[in-house]
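One point on numbering: in the working numbering, the residue at position 242 of the sequence shown is 269, and numbering is uninterrupted. Have a look at the structure below before the remarks.
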Amino acid sequence: MSSPAYRPFAVLLGLLVLLWQPAAQADVWAYVDDKGVPHFAAEQLDERYALYFTDQAPEGATRAGPVPMAPTRLHAFFEISPGYKSVRHLLREAAREHGIDYALLQALIATESGFDAAAVSPKGAVGLMQVMPATARGYGLEDQRRRPVARQLADARTNIQVGSRHLRRLLAKFPDRPDLALAAYNAGLKTVRRAGNQVPPYRETQNYVRTVLALYAVLKPAADKAAPRFLPPPERAEFARLDDLAEPGAALKQDKSY
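Here it is as structure tokens:
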């Protein structure tokens, strides 16, 4: 059951993310790997990426051909994605419980893993939300005899619950800057602090933040875009104890391969 105090926070988050979405970064590029997993980016990272959607009309000679507008193509992806459809009930559960906008979880997981529950990054981040085992231990997961933390994180519900708790903590750290919360999820809280509470000057992190925000701006229902502003609830005490943990995207997973 979600805490009533978290509901205004989720509404505020929707407004803030939309306000922080850079209008100039509306294009999203993508490719599908040989396992059928989609990879999204806010720019063409290499020749594998093609323009997946844009919220602007095609620019004639600068485009190879007609590009579907953002809402049509992105919603179509979620309609046919078996990975997404198999866990959407878990996303709803986590969104309610932790006061996070459902559409933001969609956007983040699409960016992190393409809804591939078996994804493991070269740095050891696991599953849908690419959670590092060290981070999961900070939220109560313990190595068991036959089930180390990394294996537990392969379970979709466990992964989404831990990742959502961690994201919620970072959103509370930066209540007026969802872009910084996303940067901290990707690069680590300490990295954002060292950058002077700005998005760190790393291409991977900057691309990550733009990609999540671009996907979120499309997924967010139009009716919610004029949501009233509320103050977020105070941070829970547990959040303050986790500052030194590795983050899910720590060590800058440049051009991740799964």
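Just so you know, even glycine gets a beta-carbon here, dropped at the ideal spot from N, CA and C.
Here R196 is buried, its C-beta having at least 16 other C-beta atoms within 10 Å. For a cut-off of 8 Å, the C-beta gap from Y235 to T138 is around 6 Å, short enough to register as a contact. A distance of 7 Å or more separates the beta carbons of V147 and Y166. Around A130, the same chain offers Y243, L246 and K247 as residues with beta carbons nearer than 7 Å, after the five sequence neighbours per side are excluded.
With respect to the 7 Å criterion, S191 and H116 are not classified as neighbours on the basis of their beta carbons.
From the listed residues A241, T238 and A210, the smallest Cα separation to P228 is found for A210. In the same chain as N224, and ignoring 5 residues on each side of it, the C-beta atoms closer than 7 Å to its own belong to L207, in chain order. The continuous stretches of alpha helix (DSSP H) do not include P149, and DSSP gives it neither H nor E.
The three-state secondary structure of Y129, taken from DSSP, is helix. Of all alpha-carbon atoms in T238, R100, P175 and A181, the one lying nearest the alpha-carbon of V114 is that of A181.
CA-to-CA, the gap between A183 and S108 works out to about 15 Å.
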